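Mapping of the sequence shown onto my numbering: residues 58 to 230, in sequence order.
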Amino acid sequence: MQNKRGISQAFSKVPEGVTLRRATVFDVFDISRVLIRSITKLCGADHQGDPQAIAQWTDNKDPATIRGWIKPGSQIWQAERAGQVAAVGGLLETGEITLLYIDPDHTGCGLGAAVLNRLERELLAAGCSSASLEATKTAQDFYLRHGWQATGRCCGHGDLSCFAMHKSLHPVG
Numbered sequence: 058m059q060n061k062r063g064i065s066q067a068f069s070k071v072p073e074g075v076t077l078r079r080a081t082v083f084d085v086f087d088i089s090r091v092l093i094r095s096i097t098k099l100c101g102a103d104h105q106g107d108p109q110a111i112a113q114w115t116d117n118k119d120p121a122t123i124r125g126w127i128k129p130g131s132q133i134w135q136a137e138r139a140g141q142v143a144a145v146g147g148l149l150e151t152g153e154i155t156l157l158y159i160d161p162d163h164t165g166c167g168l169g170a171a172v173l174n175r176l177e178r179e180l181l182a183a184g185c186s187s188a189s190l191e192a193t194k195t196a197q198d199f200y201l202r203h204g205w206q207a208t209g210r211c212c213g214h215g216d217l218s219c220f221a222m223h224k225s226l227h228p229v230g
C-alpha cells in the first residue's frame with residue numbers, strides 16, 4: 058500500500074529474523090565484504106563484468122576507508138540475518154543517502170526496503186524534509202518503486218552510469 062507520494066507502507070516493517078542496527082568500527086570487515094560482493098555479483102548492468110570497472114568501484118570499499126565513514130554527521134546501518142551482515146546502508150545527516158547494498162545471498166527478502174526505510178526515517182529525525190541519492194542502473198528501478206524520482210544524470214563516476222534521485226520525506230496524511 059502506498060500513499061500519494063509513493064511512500065511505502067508495506068515495506069516499513071523489518072522482515073522476521075532480521076535486526077537493523079547502527080554499525081560500529083568493529084563491523085568494517087563485514088561491511089566491506091557485503092559491499093564488494095554486492096558490487097561484484099549484483100551490479101553487472103553497471104560494470105558489465107569489466108574487471109577494471111569493478112576494481113575502480115570497489116577500491117574504496119576496504120575496512121580502513123569504511124572506518125572513516127563512521128563519524129559524526131553520518132550513519133552506517135546494517136541488517137543482520139541468520140547471524141550475518143546481509144545489507145548495508147549509509148547516510149549523511151544533511152539529507153543524502155550515500156549507499157545501500159545487499160549481499161547476493163540475501164536478495165529478494167525485503168532487506169533493501171527495510172534498510173531504505175530506516176535511512177529515510179533517520180533523515181526525517183535529523184530534520185531533513187527531503188533526501189537525495191545517486192542510483193546505479195542496477196538500483197534505479199528499486200528506488201522508483203519506493204517513491205524516489207529521477208532528477209537527472211550524475212557525472213564524475215568514471216565509466217559507471219549514475220542517476221540523481223530525490224524524495225520528499227513527509228508523508229501525506
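Note that the Cβ used here is the ideal one computed from N, Cα and C, for glycine as well. Values in this document were obtained by computation on a predicted structure and should not be read as measured data.
Buried versus exposed call for residue i [16 or more other C-beta atoms within 10 Å across all chains shown]
i, result
"residue 174", "buried"
"residue 204", "buried"
"residue 95", "buried"
"residue 75", "buried"
"residue 89", "buried"
"residue 85", "buried"
"residue 59", "The predicted position of residue 59 is uncertain, since its pLDDT is 41 and thus under 50; a value taken from the coordinates is nonetheless stated next. So residue 59 counts as exposed."
"residue 163", "buried"
"residue 106", "exposed"
"residue 125", "exposed"
"residue 184", "exposed"
Residue i vs residue j beta-carbon contact at 8 Å
i, j, result
"residue 139", "residue 71", "no"
"residue 87", "residue 193", "no"
"residue 127", "residue 80", "yes"
Residue i to residue j span [Cα, whole Å]
i, j, result
"residue 165", "residue 143", "12 Å"
"residue 119", "residue 91", "11 Å"
"residue 137", "residue 112", "26 Å"
"residue 130", "residue 180", "11 Å"
"residue 178", "residue 108", "36 Å"
"residue 199", "residue 209", "16 Å"
"residue 187", "residue 201", "15 Å"
"residue 257", "residue 83", "A question about residue 257 goes unanswered here, because the residues of the chain that appear run from 58 up to 230."
"residue 121", "residue 135", "17 Å"
"residue 223", "residue 169", "17 Å"
"residue 133", "residue 189", "16 Å"
"residue 156", "residue 117", "13 Å"
"residue 158", "residue 152", "18 Å"
"residue 225", "residue 182", "13 Å"
Same chain only: Cβ atoms within 6 Å of residue i, ignoring 5 sequence neighbours per side
i, result
"residue 176", "146, 148, 154"
"residue 101", "none"
"residue 115", "93, 96"
"residue 150", "130, 183"
For residue i: DSSP bridge partner residues
i, result
"residue 210", "220"
"residue 153", "149, 189"
"residue 76", "137"
"residue 131", "149"
"residue 158", "145"
"residue 225", "187"
Own chain partners of residue i with C-beta closer than 8 Å, once the 5 adjacent residues on each side are dropped
i, result
"residue 211", "191, 219, 220, 221"
"residue 98", "161"
"residue 78", "134, 135, 137"
Residues near residue i in its chain [Cβ-Cβ closer than 7 Å; skip 5 each side]
i, result
"residue 227", "186"
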